[in-house]
Amino acid sequence: MDSGETDIPASSGEQSWIGSLTPLGAVFSPFLAGYAADRWGRKTTLLATACPIIVGWVLIACAEPARSIPLIYVGRIIHGLCVGVAFTVLPMYCGEIAEVRVRGALGSLLQIMISVGLLSQYVVGPYVSYLVLTIFSVVVPFLFVAAMWFIPESPYQLIMARKNQQALESLQWLRGTKSEAVKEELAVIEENVRDMLANKATPRDLISTKATATALYLSVGLVSLQQLTGINAILFYCQTIFESSGSGLDSSVATIIVGTVMLLASTCTPFVVDSLGRRILLLFSAGGMAVSLVRICLAERLVKLLCA
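Using our numbering, you'd call the opening residue of the sequence shown number 1 and step up by one each time.
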């Protein structure tokens, strides 16, 4: 909006809300996503997010001719709600359909695809109009529906719904074979589902013992600290930060470099996580973020002093 590619009048405060509403919307929907995934299925729940996402992009596209910031607000909130659902159900679905030997690698694809999405926006966004960027973005949910439509439901979900024959067919499709090994794997899944249903946990169980409470606090703490580093603010305002820095490097190119580095880091991490360990990687990345944030603050302060 600052680049003049759109006629939508937006103050800096309104632009801040536009950037914040998607993460804000993603806070609330995960609480219902788990229930929806169990009640209607992982595949159905994921497919159901596509339509609201498309509606959100249509609202954002209509905001330019209408010169309406509220339309963008609504579209961004809708996207946030859908993101919260997708980020809850996708790891669940991927974990349930993957073979054990590739489960970890498949789980890492979520962050890689996030990096791909950001990089695509960084590459396309600065060089096209507001409307063209919106059209480019709305193509993605259509592609998702086209691909997801032909993929079967999770065998775990089908077993939970007492659809054992469909679960067998789903697993055979996923493994690409009808061998006896598939039936043996299905038997293991059935046993796991029986154990899960017999020992179904409640939210209270998360803090019922010291071990589960510690795991909960560590998980929430790590995710919270990661978000509190301001990662979303940096990524959303990346081009603006480079523009205000006074760097001789074009801000669009600098932003693309950031997106590329993020994608490379996301891609390389699964290959080194087992050898280096999760704790070392967490400490290394946290230290790197701390140094980077200090340098950004000092650079911003230095620019203001030089311009004063």
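C-beta: ideal position from N, C-alpha, C; glycine also.
The structure presented is a predicted model; accordingly, all values stated were derived computationally and were not measured.
Quiz item: Roughly how many angstroms lie between the CA atoms of CYS297 and ILE234, to the nearest whole one?
Solution: 12 Å
Self-check item: Pair within 8 Å by beta-carbon distance, THR134 and ALA50
Solution: no
Quiz item: First and last residue of the alpha helix (DSSP H) that includes ARG194?
Solution: 180-198
Quiz item: Can you tell me the Cα-Cα spacing of ALA146 and VAL58, whole angstroms?
Solution: 19 Å
Self-check item: Contacts around LEU81, its chain only, beta-carbon distance under 8 Å, and the 5 residues preceding and following it disregarded
Solution: GLY25, ALA26, PHE28, SER29, PRO52
Practice problem: Taking only heavy atoms of the ligand GDP into account, decide whether any of them is closer than 7 Å to the Cβ of SER154. | Solution: Of the ligands one can find in the structure shown there are none, so the ligand GDP has no counterpart to examine.
Practice problem: Answer yes or no: do ALA167 and VAL89 have a C-beta to C-beta separation smaller than 8 Å? | Solution: no
Self-check item: Cβ neighbours of ILE54 in the same chain (closer than 7 Å, five flanking residues each side left out)
Solution: VAL138, PRO141
Quiz item: In terms of residue numbering, what span does the alpha helix (DSSP H) encompassing ILE53 cover?
Solution: 42-66
Exercise. Along the alpha helix (DSSP H) that carries PHE242, what are the first and last residues, could you check?
Key: 238-245
Quiz prompt | Same chain, Cβ closer than 7 Å to LEU131, five either side skipped, listed in chain order | solution = ALA61, GLU64
Self-check item: Presumed contact (8 Å Cβ cut-off) between SER285 and GLN111, rounded CB distance
Solution: That belief does not hold up - the Cβ atoms of SER285 and GLN111 are roughly 12 Å apart, past 8 Å.
Exercise. Would you decide whether LYS43 is buried or exposed? Buried here means 16 or more other CB atoms lie within 10 Å of its CB.
Key: buried
Practice problem: Report yes or no: do three or more beta-carbon pairs, one from the region 97-111 and one from the region 69-85, lie closer than 8 Å? | Solution: no
Quiz item: Taking Cβ to Cβ, would you say ALA33 is nearer than 8 Å to GLY95?
Solution: no
Quiz item: So what does DSSP say about ILE69, is it helix, strand or coil?
Solution: helix
Quiz item: Is GLU153 buried or exposed, if buried means 16 or more other CB atoms sit within 10 Å of its CB?
Solution: buried
Quiz prompt | alpha helix (DSSP H) segment containing GLY173, residue limits | solution = First, the amino acid is wrong: residue 173 is Trp here, not Gly. Element bounds for TRP173: 164-175.
Quiz prompt | Other residues of its chain near LEU21: CB distance less than 7 Å, five sequence neighbours each side excluded | solution = TYR73, ARG76, ILE77, GLY80
Quiz item: Counting only beta-carbon atoms, is SER251 nearer than 8 Å to chain B?
Solution: Chain labels in this structure do not include chain B; a single protein chain is all it has.
Quiz prompt | Burial state of CYS238 (16 or more Cβ within 10 Å) | solution = buried
Quiz item: DSSP on GLY230, reduced to helix/strand/coil?
Solution: coil
Quiz item: Just to confirm, are LEU118 and ALA86 a CB contact at a threshold of 8 Å?
Solution: no
Quiz item: To the nearest angstrom, how far is it from the Cα of TYR127 to the Cα of SER16?
Solution: 22 Å
Quiz item: If you draw a straight line from the alpha carbon of THR269 to that of PRO23, how long is it in whole angstroms?
Solution: 24 Å
Quiz prompt | Helix, strand or coil at PRO91 [DSSP, three-state] | solution = helix
Practice problem: With PHE144 as the anchor, note down where its alpha helix (DSSP H) starts and where it stops. | Solution: 130-148
Quiz item: Does DSSP put THR209 in a helix, in a strand, or in coil?
Solution: coil
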